[in-house]
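*Asks:* Before anything else, here's the structure in question.
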Amino acid sequence: MSTQCNANILPFHKLGRRQVQADFDGGKLSTDCGGLLLRDIAIRTRLFPRLTSCFTDHRAPDLVEHPLSTLLKQRIFGLALGYEDLNDHDTLRHDPLLAVLCDVNDPEGQQRRHERDRGKALAGKSTLNRLELTPDKADESSRYHKIVADHEQLDDLMVDLFLEAHPKAPKRITLDVDATDDTVHGLQEGRYFSKYYDSYCYLPLYIFCGDDLLCARLQTADKDPAVNIVGEVSRLVRRIRERWPTVTILIRGDGGFCRDDLMDWCENNAVNYILGLPKNSRLCEALKLESVLVKLAHDLTGESVKTYAEFRYQTRKSWSRERRVIGKAACSERGQNPRFVVTNLGKRHYKVVDLYETWYCQRGDMENRIKEQQLDLFADRTSTHSQRSNQLRLYFASFAYILMQA
-13 MSTQCNANIL
-3 PFHKLGRRQV
7 QADFDGGKLS
17 TDCGGLLLRD
27 IAIRTRLFPR
37 LTSCFTDHRA
47 PDLVEHPLST
57 LLKQRIFGLA
67 LGYEDLNDHD
77 TLRHDPLLAV
87 LCDVNDPEGQ
97 QRRHERDRGK
107 ALAGKSTLNR
117 LELTPDKADE
127 SSRYHKIVAD
137 HEQLDDLMVD
147 LFLEAHPKAP
157 KRITLDVDAT
167 DDTVHGLQEG
177 RYFSKYYDSY
187 CYLPLYIFCG
197 DDLLCARLQT
207 ADKDPAVNIV
217 GEVSRLVRRI
227 RERWPTVTIL
237 IRGDGGFCRD
247 DLMDWCENNA
257 VNYILGLPKN
267 SRLCEALKLE
277 SVLVKLAHDL
287 TGESVKTYAE
297 FRYQTRKSWS
307 RERRVIGKAA
317 CSERGQNPRF
327 VVTNLGKRHY
337 KVVDLYETWY
347 CQRGDMENRI
357 KEQQLDLFAD
367 RTSTHSQRSN
377 QLRLYFASFA
387 YILMQA
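Each step along the sequence shown adds one to the number in my numbering, with nothing skipped, and position 137 is 123.
What follows is the structure, encoded as structure tokens:
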């Protein structure tokens, strides 16, 4: 039986003066050869030179065997290839293919300074662990932890990579905001028991634009998930408008982000929003007629029935003004299920049904993006003691996600 074999050689970016190519001659084999494609993407986007510039390396240059850029590549490529633990790197440090991904000129580690290290081209778990555990005030006098991450620069780089991925300014973008639980099992700094999630956890805040990740902020579970949302949204909007001054921006989130300060900020800065609105007795009373009608229709037909209404609404104390609210009255075999959203999108261009079903309900897809980052790229591996180092782990998972998305 004949086979459809490909005899062509596949070329990749060079490693110094070495050619990097894939053929079908056997020899040393690896199941991680897809990483070569990630390396090409990283080179084209200049991810790692820019990521390296977000750190300050206080190590003595003449004693350094593993440059900062190599450590970052090793950690992020490792996550992208499915290696979640630092312990994995005590084996991976022997892998010449991962060394090629990290641009190590001696991928088999035969030229290491000490004989005990030969055959190990990359760093082990202890060196990578020191990268993560460096406090923000470390300097040259620190004993072990000397590589300091600048979190503000890392935040800015995430936004810059998003902007550069779209060479033409879009007319409209939607920023989806959400928080989720990140369960912890130790005595991590900042851990709190969440009654809602019934566990000790963090509550990281995520902001996506479609499939693109713009913000991943590790928050504690003892505060409102929306406590920092105005600061994060204003930072993103300012940076986006510097590049795309005419873009229309919509903020979308569930009822956990329906806060007066966020809506006020959007209204004062020409930003649209559509947010879930938790139901209460006054809202249900405003939807009473529609609720009666769908109940009658369901009783007659046995089918699920829904209808929509809109009205002006203001809370007694927490809102500074009256706002447009869309109510959905629905009845099925499970009973009635009224839902509400609040928005500053105008009546002239946005119909009630479209606002709820097209504009609001699409935000649910963001939960799939969070699952991809947490389940596939191990963003929930926040098992170090300090919150700062756990935030850095979240950054590494985030840049692995951005690399995979690119």
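Glycine included, C-beta positions come from ideal geometry on N, C-alpha and C.
Since this is a predicted model, take the numbers as computed values, not measurements.
#1: Across the segment 79 to 89 and the segment 367 to 387, are there enough close Cβ pairs to call them in contact, namely three or more that are closer than 8 Å?
#2: Since G262 contacts G288 with CB under 8 Å, what's their CB separation in whole angstroms?
#3: Assess contact between the segment 115 to 124 and the segment 159 to 172, defined as three or more Cβ pairs (one per stretch) separated by less than 8 Å. Is contact present?
#4: Could you give the DSSP three-state label for F243: helix, strand or coil?
#5: What residues match up with V311 in a beta bridge as DSSP calls it?
#6: Please classify V170: does DSSP put it in a helix, a strand, or coil?
#7: Considering only the beta carbon of each residue, do A202 and Y188 sit closer than 8 Å?
#8: Cutting at 8 Å between CB atoms, please list the residues of its own chain near A66, excluding the five before and the five after it.
#9: Relative to the C-alpha of A207, which candidate in T42, R177, R334 has its C-alpha closest?
#10: Does the separation of the CB atoms of W398 and S290 fall below 8 Å?
#11: Excluding the five sequence neighbours on either side, which residues of its own chain have a C-beta within less than 6 Å of the C-beta of E400, listed in chain order?
#12: Rounded to whole angstroms, what is the Cα-Cα separation between L149 and V90?
#13: Touching or not, the segment 40 to 50 and the segment 66 to 77, by the rule of three or more beta carbon pairs under 8 Å?
#14: For the 8 Å Cβ check, are there 3 or more pairs between the segment 265 to 283 and the segment 345 to 358?
#15: Which residues does DSSP list as the beta-bridge partners of V291?
#16: Using three-state DSSP, classify C19 as helix, strand or coil.
#17: Span of the alpha helix (DSSP H) holding T38?
#18: May I ask you to verify whether the segment 126 to 140 touches the segment 374 to 382, counting CB pairs closer than 8 Å and requiring at least 3?
#19: Looking only at DSSP bridge pairs, what is L161 linked to?
#20: Can you grab the Cα-Cα spacing for the pair E94 / G64, in whole Å?
#21: What residue range does the alpha helix (DSSP H) around T56 cover?
#22: For D43, name the three-state secondary structure that DSSP assigns.
#23: Once the 5 residues before and after R158 are set aside, which same chain residues still bring their CB inside 8 Å of it?
#24: Where in the segment 243 to 278 do unbroken runs of the alpha helix (DSSP H), each at least 4 residues long, occur, reported from the N-terminal end onward?
#25: Ignore the nearest five residues each way along the sequence and tell me which others in E276's own chain have a CB closer than 8 Å to its CB.
#26: Which complete alpha helix (DSSP H) runs does the segment 103 to 129 hold, if anything under 4 residues is left out?
#27: Using the C-alpha atoms, what's the distance from R129 back to E353?
#28: Take E358 as the anchor and find which of F194, R225, Y186, E218 has the nearest alpha-carbon.
#29: Do you know how far the Cα of V163 is from the Cα of M249?
#30: For R225, does the three-state DSSP call read helix, strand or coil?
*Replies:* For this structure:
#1: For the pair of segments examined, the segment 79 to 89 was found not to touch the segment 367 to 387: the number of CB pairs separated by less than 8 Å stays below three.
#2: About 29 Å separates the Cβ atoms of G262 and G288, ruling out a contact at the 8 Å cut-off.
#3: Short answer: they don't touch.
#4: DSSP places F243 in helix when its eight states are reduced to three.
#5: F297, V328, per the DSSP bridge assignment.
#6: DSSP places V170 in coil when its eight states are reduced to three.
#7: Their beta carbons are not under 8 Å apart, which means A202 does not touch Y188 by this criterion.
#8: Apart from the 5 residues on each side of it in sequence, A66 sits with its Cβ closer than 8 Å to the Cβ of G21, L24, L363, A386, L389, M390 in its chain, given in chain order.
#9: For the options T42, R177, R334, the alpha carbon positioned closest to that of A207 is the one of R177.
#10: Here the chain has residues from -13 to 392 only, and residue 398 is not among them.
#11: One cannot answer for residue 400 here, as it falls past the ends of the chain, which runs -13 to 392.
#12: Pairing L149 with V90, the inter-Cα distance amounts to about 30 Å.
#13: Counting C-beta pairs with one atom in each stretch, the segment 40 to 50 and the segment 66 to 77 have fewer than three that are closer than 8 Å, which means they do not touch.
#14: Inter-segment contact for the segment 265 to 283 and the segment 345 to 358 is absent: fewer than three beta-carbon pairs are separated by less than 8 Å.
#15: Partner(s): C317.
#16: C19: coil per DSSP, three-state reduction.
#17: Where T38 is concerned, the enclosing alpha helix (DSSP H) starts and stops at 33 to 38.
#18: Pairwise C-beta distances place the segment 126 to 140 in contact with the segment 374 to 382, as three or more of them are shorter than 8 Å.
#19: Answer is I237, bridged to L161.
#20: If you take the alpha carbons of E94 and G64, they lie about 17 Å apart.
#21: Here the alpha helix (DSSP H) through T56 covers 54 to 66.
#22: DSSP, reduced to helix, strand and coil, places D43 within a strand of the structure shown.
#23: V233, T234, I235, L236, listed in sequence order.
#24: Correct list: 246 to 254, 267 to 272.
#25: Excluding residues within five positions, the ones whose Cβ falls inside 8 Å are T293, Y294, A295, G313, A315.
#26: Counting only runs of 4 or more, we get 111 to 119.
#27: Between E353 and R129, the C-alpha separation is close to 42 Å.
#28: Looking at the Cα atoms, F194 is the closest of the given residues.
#29: Each residue's alpha carbon lies about 13 Å from the other.
#30: Note: R225 maps to helix in three-state DSSP.
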